[in-house]
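Colleague: Residues 285 to 632, numbered by the working numbering, are exactly what the sequence shown covers, in order.
Sharing a structure here in structure tokens format.
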Amino acid sequence: MTHDTPTCLLCGDPQQPSEYMYENAAALEERGVEVRTMDWQADRSAAEFREITMEMESRGPADYDDSAIRANLDGVNYLVVHKAPVSAGLIEAADGLEVVGCARGGTENVDTDAAAASGVRVVHAPGRNANAVADYALATMLAHHRRVPFFDRTTSAGGWELEFDPDRLPRDLTSLVVGVVGFGNVGRKVARRLDGFGADRLVHDPYVDDGAIEAEGATPATLEELLERADVVTLHVRLSAETRNLIGSEELGRMRASAFVVNTARGGLIDEEALVDALESGEIAGAALDVFEEEPLPEGHPLLGREDVTLSPHTAGSTRDAVLNGSRIVVEGIVSILDGEEPAHGLV
Numbered sequence: 285m286t287h288d289t290p291t292c293l294l295c296g297d298p299q300q301p302s303e304y305m306y307e308n309a310a311a312l313e314e315r316g317v318e319v320r321t322m323d324w325q326a327d328r329s330a331a332e333f334r335e336i337t338m339e340m341e342s343r344g345p346a347d348y349d350d351s352a353i354r355a356n357l358d359g360v361n362y363l364v365v366h367k368a369p370v371s372a373g374l375i376e377a378a379d380g381l382e383v384v385g386c387a388r389g390g391t392e393n394v395d396t397d398a399a400a401a402s403g404v405r406v407v408h409a410p411g412r413n414a415n416a417v418a419d420y421a422l423a424t425m426l427a428h429h430r431r432v433p434f435f436d437r438t439t440s441a442g443g444w445e446l447e448f449d450p451d452r453l454p455r456d457l458t459s460l461v462v463g464v465v466g467f468g469n470v471g472r473k474v475a476r477r478l479d480g481f482g483a484d485r486l487v488h489d490p491y492v493d494d495g496a497i498e499a500e501g502a503t504p505a506t507l508e509e510l511l512e513r514a515d516v517v518t519l520h521v522r523l524s525a526e527t528r529n530l531i532g533s534e535e536l537g538r539m540r541a542s543a544f545v546v547n548t549a550r551g552g553l554i555d556e557e558a559l560v561d562a563l564e565s566g567e568i569a570g571a572a573l574d575v576f577e578e579e580p581l582p583e584g585h586p587l588l589g590r591e592d593v594t595l596s597p598h599t600a601g602s603t604r605d606a607v608l609n610g611s612r613i614v615v616e617g618i619v620s621i622l623d624g625e626e627p628a629h630g631l632v
């Protein structure tokens, strides 16, 4: 084919290989777009790749080697990536590039300012793993509340740990007040799932109108009110300078002694040193954590081996659907642009 044919390059990586991106490319091919594929850092395992790209949010795309991507950009009009870097230099070198699609919620691996300066549209995929994270948040919340990890461990070891004292038994979820911090794509889905269990839901999000919260049958609250009233506090906000250590010693001190906190969002939202102190002193009853300030947790970390903590390895958003949703959403955005319409999730 000649370069007169519009061309899309699907640039996968070990966490989202191009072969899975290609499953969503039919709509482009139906419109006469040539679809090519490649994989950045393909020789790395998914675990190694994660370590390589963990700091991209702070370092930016220019700190990573994009030469393999540049070598495949001849004639490319539409570039779809997951975590591969799209730097200012790459954008400037890509003659004819019209759209960059970032198949994830954030765009930290794309120099969006350079794209705007070059007239390159950027589309992304907010909410691609929202169902996955919402499901997992509720699952880990229930598992921790009902002590599922403890019972699995002790029963598998030959024990039979039963409790008959009503004062020591857990309450039904319908009897609990759950505080949802953050009411974006994930927070709303968590609140809706909790509604099915009949739990009372308090919601704190300073960027969402009270009416939108009330429309979901939940009750708006300040963070202070939420912490003081909730039996469970579940976090669903992005990590930023504003939200780092959102839950520190003061906030943990406001929580009920019988309450626990769930974090499936980002490490750094909770001050882990303050959390350990709160658990040790009995200020709160427990925590269910999928994300941490340092990942993997280092040997000897004080959160390891505690009966009052449920831990998992940053896996809440990892489902097959979440992987496929990213490229599906950005392909839909490119199709909208091809059809002369505004993409649902466009930045530039």
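Here a beta-carbon is modelled for each residue, glycine too, at the ideal position from N, C-alpha and C.
What is the DSSP secondary structure of Phe576, counted as helix, strand or coil?
Modeller: As a working note, residue 576 is residue 292 in the sequence shown. Here Phe576 sits in coil by DSSP.
Colleague: In this structure, does DSSP put Gly463 in helix, strand or coil?
Modeller: Indexing the sequence shown from 1 puts residue 463 at position 179. Of the three classes helix, strand and coil, the one that applies to Gly463 here is strand, per DSSP.
Colleague: Which residues in the same chain as Leu519 place their Cβ atom closer than 6 Å to its Cβ, once the five residues preceding and following it in sequence are excluded?
Modeller: On the sequence shown, residue 519 is found 235 positions in, with the first residue counted as 1. Here the set comprises Val465, Asn547, Ala549 and Leu553.
Colleague: Which residue from Thr337, Arg431 and Pro410 puts its Cα closest to that of Val607?
Modeller: Walking along the sequence shown from the start, residue 607 turns up at place 323. Of the candidates Thr337, Arg431 and Pro410, the one whose C-alpha sits nearest the C-alpha of Val607 is Pro410.
Colleague: Select from Thr603, Ala401 and Lys473 the residue whose C-alpha is nearest the C-alpha of Gly373.
Modeller: Along the sequence shown, one-based indexing puts residue 373 at 89. Checking every option, the nearest Cα to that of Gly373 belongs to Ala401.
Colleague: Can you tell me whether DSSP reads Ala569 as helix, strand or coil?
Modeller: Mapped onto the sequence shown, residue 569 falls at position 285. Note: Ala569 maps to coil in three-state DSSP.
Colleague: On the DSSP letters alone, give me the boundaries of the alpha helix (DSSP H) that Asp397 sits inside.
Modeller: Working through the sequence shown from its first residue, we reach residue 397 at position 113. Note, Asp397: alpha helix (DSSP H), Thr396 to Ala401.
Colleague: Which residues in the same chain have their Cβ closer than 6 Å to the Cβ of Val317, if we skip the five residues on either side of it in sequence?
Modeller: Here residue 317 refers to the residue found at position 33 when the sequence shown is read from its first residue. Counting only Cβ-Cβ distances below 6 Å, and skipping sequence neighbours, we find Pro290 and Cys292.
Colleague: Hey, quick one: how far does the alpha helix (DSSP H) through Met305 stretch, first residue to last?
Modeller: Locating residue 305 in the sequence shown gives position 21, where the first residue counts as 1. It spans Ser302 to Tyr306 - the alpha helix (DSSP H) in which Met305 sits, taken as one unbroken run.
Colleague: How about Val516 and Leu460: do their beta carbons lie closer than 8 Å?
Modeller: Numbered from 1 along the sequence shown, position 232 holds the residue referred to as residue 516. Numbered from 1 along the sequence shown, position 176 holds the residue referred to as residue 460. Closer than 8 Å, so yes.
Colleague: Look at the alpha carbon of Arg328 and the alpha carbon of Pro301, and state the distance between them as a whole number of angstroms.
Modeller: Sequence index remark: in the sequence shown, residue 328 carries index 44 (1-based). Sequence index remark: in the sequence shown, residue 301 carries index 17 (1-based). Going from the Cα of Arg328 to the Cα of Pro301 covers about 12 Å.
Colleague: How would you label Pro490, buried or exposed, when you count the other beta carbons within 10 angstroms and need 16 or more for buried?
Modeller: Residue 490 sits at position 206 when you count from the first residue of the sequence shown. Flag for Pro490 reads exposed.
Colleague: Thinking C-alpha only, which one of Pro454, Thr438, Gln299 and Ala475 is nearest Ala421?
Modeller: By one-based count along the sequence shown, residue 421 stands at place 137. For the residues Pro454, Thr438, Gln299 and Ala475, the minimum Cα distance to Ala421 belongs to Ala475.
Colleague: If we count the other Cβ atoms within 10 Å of its Cβ and call it buried at 16 or more, is Trp324 buried or exposed?
Modeller: Translated into the one-based positions of the sequence shown, residue 324 becomes position 40. When all chains shown are included, Trp324 counts as buried.
Colleague: Tell whether a beta-carbon distance below 8 Å holds between Gly385 and Gly617.
Modeller: The sequence position of residue 385 within the sequence shown is 101, counting from 1. The sequence position of residue 617 within the sequence shown is 333, counting from 1. Yes; because the gap between Cβ atoms is below 8 Å, this pair is in contact.
Colleague: Three or more beta-carbon pairs under 8 Å between the stretch 610 to 624 and the stretch 583 to 602, yes or no?
Modeller: Segments in contact, no.
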